[in-house]
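Structure first, commentary second.
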Amino acid sequence: MSRDDKADQGFEHFEQFLKEWSRRDFLRRMGAAAAYTAFTAGIVDFLEACGGGNTPTSQTPVKGGKLIEGTISDISSFAVLNSGDTASSQMIWLLFDGLLSLNAKGDNIPMMASALPTISADQLTFTFKLRPNLKWSDGQPLTADDVVFTYNLIFSADTKDYVSRYRAQLEGFLQSVTATDPQTVVFKFSKILANFVDSNCRFGILPKHVLGNVTPKALNTHDFFTKGPTVSNGVFKFNRWDKGQQVVLERNDNYWAGAAHLDQYIYKVVTDAVVLAQQLKTGELDTGQPDASQFDNLKTVNTITTTSFINPGFVYYQFNLEPTKAASKIFGDKNVRKALHTALDRTAMAKAVYFGQAVPADSVLPPTTWAYNANVSPKYSFDKAAAEKMLDDAGWAKGSDGIRSKGGVRMSFEVNTNSGNKVRENLIQVMQQQWKDIGVDAQPRAIAFQTLVTQIRSTKTFQVILIGIANQDTDPDQTTLWTTKGIGSAGLNGMSYSNPQVDQLMDSALQSTDRAKRKPLYTQIQNILADELPAPILFYPNYLWGINKRVVNFNVGPYNTYQARPWMKDVFVADGK
Amino acid sequence: MITPLPVDAPAVPAPLVPGRPARGYWKEATGRLRRNRIGVTSGLVLLFFVVVAVTSPLLAAVFTQADPRHIDLLNTFLPPFSPHHILGTDDLGRDELTRMLYGAQVSMGIGFLSVGVALTIGAGVGLLAGYYGGLLDGLLMRFVDIILAVPAIFLFILMSILFKPNTITLALIIASVGWGSIARLVRGEVLSVRTRDFMIATRALGASDARLILRHLLPNVLHVLIVFGSLYLGQVVLIEAALDFLGLGISPATPSWGNMLTNSETFFFHSSWLVIWPGVTIFVTVLAANLFGNAIRDAFDPRLR
Amino acid sequence: MLAKYLVRRVLATIPVVIGVTLITFMLMHVTAGSYIPGIDLNPNLKAEDVEAIKRYLGLDRPLYIQYITWLAGVGHGDFGRSMIDGSLVSSHIFDRLPATLELTITAILLGILISIPLGVTGALRRGSKIDHALTAMSVGGFAIPAFWLGLLLILVFSVQLQAWGLPFLPSGGVTTPGLGGGDLLDRVVHLILPATVLSFVYLSIWSRFTRSSMLEVLSQDYVRTARAKGMTERRVVYMHALRNAVIPLVTLVGLELPALVSGGLVVEVVFSWPGIGKLLYERALQTDYTTVLGITTFAALLVVAGNLLADILYALLDPRIRYA
């Protein structure tokens, strides 16, 4: 049960991210030339240097005014415990605080809780102390009862009618949540949940005094979630939602960390990332994520600060390794996979397709997580001659048409990605060209996103799929991607890759909450996967931001772009408008 | 576009000749067409594009020796008049001229295929409905009503989502909405022609239905078909471009003028030529199609029949 | 005779309604038959739960019963639920319809207001340079893709003007965001660019039509009589000819009314205008078939109703039509 739950959780990340990758949406996530050169300098150093938006200043904050942020997709709801898209999540994070949050680098920081929890020796009991005098936006006190109410909604058997996508993460692990006093919450587990603190303590707390009397089933369609929350505990409170146009939030004067400087925050819907860039220029938007192709142009605009930083996810392509499928005849040989990856000039791809806003990747974990192995080995750089030799040595000889074959099998296959995503469609075309240069016939074909998902989870008639992964936090568990348990409808292991050693390592790494114990295991995993290459990682794309100079303290970073923004209260606009 | 009606046109009715429509009528019409300079020019322009579209691989082999899909990441955004790339290269280093040539094949191909299918089905339905009348007419026209009730663009979007179209299926999708208007138009013409004396006479002579429809009705509605076809050709090119803009048309790997235009939009500021080539070409093609259709309509003006 | 015609006309609408709803229903069944509204909300559904939901929604009943349920729903204004989040399609339509109507109606009015003077000028100065210029403009305008025109105008009137520090037109949205905006002037300013682009398409056709209609009217006997009687040219043109020339234009405009809901889709997308067209497009990208088909059904029925209304009006106004 437990591993399936992890699989579901991982898939939610995947699903959430994939859902976003429609034609226009994807274009927001592309990255910077600076990051690309920093790759050679050392990724982690780069992160330290440049992990956020404008640096905090000693300028005196100006009270008042509004901030308009651009978005490509409208939100779909305010379902705090069941949000499926990043836009909705972002609004929810501005309205509701959880026990903890993340800073730009991905470290856990206390929010409603006054400190990180104390963990019992057997790692089965977590105790949180809440800050004193917490209030809701309507003045009511926020107590441990609200926390208990919220978590019970998520995992308790009594509230099964209430749908939360986080249920799978806690069900079977969490035994009980109790309020031992108005300021203390105790979580008791039946099994060790290694990433409890990293992944499950940021959920927004819901007001028991407003929702406590509603049946779990009715909560699913309650106006609080579908029209707008009447009461919140975050930096802002809800004002209105004009569907398809904007969400308007206003300052919550009862916020625990002090009232925000801004009067309003507006989330404005625009057509795509190119239009977003235009509106940044005209000043119709104060902040937003412009398209990579416009980024260089935006740098020249003197009213805007541009910033870019690594997106804690990656773009990769997976081979179908299932023994019964024809594709495995080609890709089953590790050396063939290595050769194919070596034939790709990822530096040139990053420059041309991402306009330099992506970093060629070597590890299955992004550099933003504490478990990242900067010295992962082997690494792959572009070498066409070596690639050709590897294929020759593996017995794939070029035929008269220039395409290789071995034992009657022609090295010809299809590469799929989701349609409507211009960057990815370009990527598969480039891959076709570069593989053609070494005698491999790859046919690019973009297909509907739904079909891709079904292929990965069940049908598996694909040969190669190019897709992406996003990570909400630094939790390095990737059971759904690389283990035997991840194969099938609950996971993301579309390659059908099964390596007992990896299985065992991933499992062991979840047996403890101690990062020092887990890290060496993840280091090993990264090395094995880099050698086996069941799904080579292509890039860590960058987040790109354009921020109007009148906005101060807008400190976005890798882990608070679509999520909690603990610094939001300190943001102000220099002209107060 | 409605043409200005001559104020002092002589009201001379055409002689009613039994059997075939007056030969003289067609000769007159083509004569008028030939004298219309704009009509002739636009017709030639269209012909030019058709020829280019049909022979594009040959032209590409002769003039550019490049593959429209050949990606060259080191030579992206080359300006026009670069060595080997007369029209420059796009964001992936592909040669623009080659892509424009192959794009002609796709855009014109979709245009003509779509028009051809729509005209055939529409004319067929219109002829049958108009000729037989009664229940068949009622049924067919109801069916046309249904098709025409659904907003075209919604239908295109829906179908593009259902099955990601290639050149041929896209043409068929566009045609599936267009034939309705043609059917109505043809039916209207048929209704006005079938009561003419020559029709009754030929019937009395014992001509079969098929003969009447194909040899007598059809030639009389032909001019309507040509005019509509020409105008519709322009519309199809625009529709294809619009669908590409929405991301629902031809996938970018295969060049079409529409998707070349859309994909180059983002680079307008630093590589505007990428927008100009397909944009101007689309404009000229549609303009030529419109003007030609207009000229045909003038030439076959019913007032001078 | 009139009553008979009306009855026949209304009866003729019924098969169309059935046809449209049948087609959309079949498409829905084919594309979304196995989907349950809102399944994406809860990835943890077990097989028994899925079956229970299916039974609850009536998805296990025979097809014809499902169709009748669909038809009945449509009759009540229920156009189904979204496949993705279970929300009511009708509530989406209700939210977005005003924005679309605002855009298309303004565009039509703008089109009429501009085409009449253009057409009249062309007719009065027939053959002159102005006439040729206007002709060229409208013929050319008909050949430009709407989305391209929109993007071009945004570039010029929004981005470029702002770059030069001049007051500029907003490039998207209905109003200026925030609690401040929303007054009439703000809405009008936001409407300018998108309505202009949309009206451009109508302009080309209508101005040509007005021109030829005007020419035809000017050649009529009664105009010649009025002139012969010594009426000033001005009176002739503006009081008599114009009025009669414009009436056929009304017919043309009427033809556009059924497309009121769908015609602005591309413009809505270009200008982030939160209308029904943009909604359909967004949902289509998410392969939310049920919403797309629900909206399509709504629009199609609107077209049918519009046509019926138009035919009835003509029948009432023009006695010749009743015998069609």
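Chains as they are written, first to last, in numbering that gives the first Met the number 0: chain Y, 0 to 576; chain B, 0 to 304; chain R, 0 to 323.
For glycine and all other residues, C-beta sits at the position ideal for the given N, C-alpha and C.
What residues of chain R sit near residue i, judged by a beta carbon separation below 7 Å?
i        : result
Y/Gln449 : Thr286
B/Ala148 : Val15, Val19, Ala299, Val302 and Val303
Y/Ala113 : Reading off the sequence shown, one finds Ser at residue 113 of chain Y, where the question assumed Ala. Correct list: empty, because the minimum Cβ distance to chain R is about 33 Å.
Cβ closer than 7 Å: which chain Y residues qualify as neighbours of residue i?
i        : result
B/Phe266 : Ser292
R/Pro193 : Within chain Y, no residue comes near R/Pro193; the closest Cβ sits about 12 Å away, beyond 7 Å.
R/Arg95  : Gly243
Name the chain R residues whose beta carbon is nearer than 8 Å to that of residue i?
i        : result
B/Leu260 : Pro144 and Trp147
Please list the partners that residue i has in chain B, where partner means a Cβ-to-Cβ separation under 8 Å.
i        : result
Y/Asp344 : Leu72
Y/Asn541 : Simply none; closest approach about 18 Å.
R/Thr328 : Coverage of chain R is limited to positions 0 through 323, which leaves residue 328 of chain R absent and any answer about it impossible.
Tell me where the alpha helix (DSSP H) around residue i begins and ends.
i        : result
Y/Asp440 : From DSSP, Y/Asp440 is part of no alpha helix (DSSP H) but of the beta strand (DSSP E) over Asp440 to Ile446.
R/Phe208 : Leu183 to Leu217
Y/Gly312 : Here Y/Gly312 belongs to no alpha helix (DSSP H); instead the beta strand (DSSP E) covers Gly312 to Phe318.
B/Arg305 : Not covered by the structure: residue 305 of chain B. The range shown for chain B is 0 to 304.
Y/Gln579 : With chain Y represented from 0 up to 576, any question about residue 579 of chain Y goes unanswered, as that position is not in the structure.
Y/Trp544 : Taken as a continuous stretch (DSSP letters only), Y/Trp544 belongs to no alpha helix (DSSP H), being part of the beta strand (DSSP E) at Ile536 to Asn547.
Y/Ser327 : Ala326 to Phe330
Mind listing the chain R neighbours of residue i? Cutoff is C-beta to C-beta under 9 Å, in chain order.
i        : result
B/Gly233 : Phe141 and Ala142
Y/Gly490 : Those within 9 Å of Y/Gly490 in chain R number zero; the least Cβ separation is about 12 Å.
B/Asp136 : What B/Asp136 touches in chain R: nothing, since even the nearest Cβ is about 12 Å away.
Does the distance from the CB of residue i to the CB of residue j come in under 9 Å?
i        : j        : result
Y/Phe461 : Y/Asn415 : yes
B/Met306 : B/Trp256 : With chain B running from 0 to 304 in the structure shown, residue 306 of chain B is simply not present.
Y/Met494 : Y/Ala534 : yes
Y/Val358 : Y/Ala347 : no
B/Ile310 : R/Ser261 : Residue 310 of chain B lies beyond the range of chain B shown here (0 to 304); nothing can be said about it.
Y/Ala386 : Y/Lys405 : no
B/Leu45  : B/Ala252 : no
Y/Glu551 : Y/Gln58  : For the record, residue 551 of chain Y in the displayed sequence is Val; it is not Glu. Cβ distance < 9 Å, so Y/Val551 and Y/Gln58 count as in contact.
R/Val15  : Y/Thr270 : no
R/Asp94  : Y/Lys242 : yes
Which residue comes first and which comes last in the beta strand (DSSP E) that contains residue i?
i        : result
B/Ala60  : No beta strand (DSSP E) contains B/Ala60, which is instead part of the alpha helix (DSSP H) from Arg36 to Phe62.
B/Phe111 : Element bounds for B/Phe111: not the beta strand (DSSP E) but the alpha helix (DSSP H), Glu95 to Tyr131.
Y/Thr70  : Lys65 to Thr70
Y/Gly243 : That residue, Y/Gly243, is in no beta strand (DSSP E); it is neither H nor E in DSSP.
Y/Gln174 : Leu173 to Asp180
Y/Pro359 : Ala357 to Pro359
Y/Pro109 : Asn107 to Pro109
Please list the partners that residue i has in chain Y, where partner means a Cβ-to-Cβ separation under 9 Å.
i        : result
B/Pro251 : Lys421, Glu424, Asn425, Gln428 and Ala445
Taking residue i as the query, report the chain Y residues whose CB atoms sit under 8 Å from its CB, ordered along the chain.
i        : result
B/Leu91  : Ala351, Val352, Asn425, Gln428 and Val429
R/Val268 : Thr270
B/Arg75  : At residue 75 of chain B the sequence reads Thr, which differs from the Arg that was named. Those are Ala351, listed as they occur along chain Y.
B/Lys163 : Ser418, Ala445, Ile446 and Ala447
Is residue i near the ligand GTP - that is, is its Cβ less than 8 Å away from at least one heavy atom of it?
i        : result
B/Val192 : The ligand GTP is absent from the structure shown, which contains no ligands of any kind.
Across the region 213–225 of chain Y and the region 233–248 of chain Y, are there enough close Cβ pairs to call them in contact, namely three or more that are closer than 8 Å? no
Is the region 290–300 of chain Y touching the region 362–381 of chain Y in the sense that three or more CB pairs, one from each, lie closer than 8 Å? no
When the Cβ atoms of the region 291–311 of chain R are set against those of the region 115–134 of chain R, are three or more pairs found closer than 8 Å? no
Three or more C-beta pairs below 8 Å linking the region 156–171 of chain B and the region 234–252 of chain B: yes
Check whether the region 359–369 of chain Y and the region 303–320 of chain Y touch, using three or more Cβ-Cβ pairs below 8 Å as the test. yes
Members of the region 268–280 of chain Y that neighbour chain B once the beta carbon cut-off is set at 7 Å: Val273
Give, in chain order, every residue of the region 56–77 of chain Y whose Cβ lies closer than 9 Å to some Cβ of chain R. Lys65, Ile67, Ser72, Asp73, Ser75 and Ser76
Taking contact to mean at least 3 C-beta pairs separated by less than 8 Å, is the region 528–544 of chain Y in contact with the region 64–76 of chain Y? no
Below 8 Å, can you find three or more Cβ-Cβ pairs linking the region 189–206 of chain Y to the region 472–483 of chain Y? yes
Below 7 Å between beta carbons is the criterion; list the residues of the region 296–321 of chain Y that meet it against any residue of chain B, in chain order. Asn296
Just by C-beta distance, which residues in the region 254–279 of chain R are closer than 9 Å to chain B? Pro257, Ala258, Val260, Ser261, Gly262, Leu264, Val265, Val268, Val269, Gly276 and Leu279
Answer yes if the region 51–65 of chain B comes into contact with the region 102–109 of chain B, meaning at least three C-beta pairs across the two stretches below 8 Å, and no otherwise. yes
Any C-beta of chain R within less than 9 Å: which residues of the region 232–252 of chain Y qualify? Asn238, Arg239, Asp241, Lys242, Gly243, Gln244, Gln245, Val247 and Glu249
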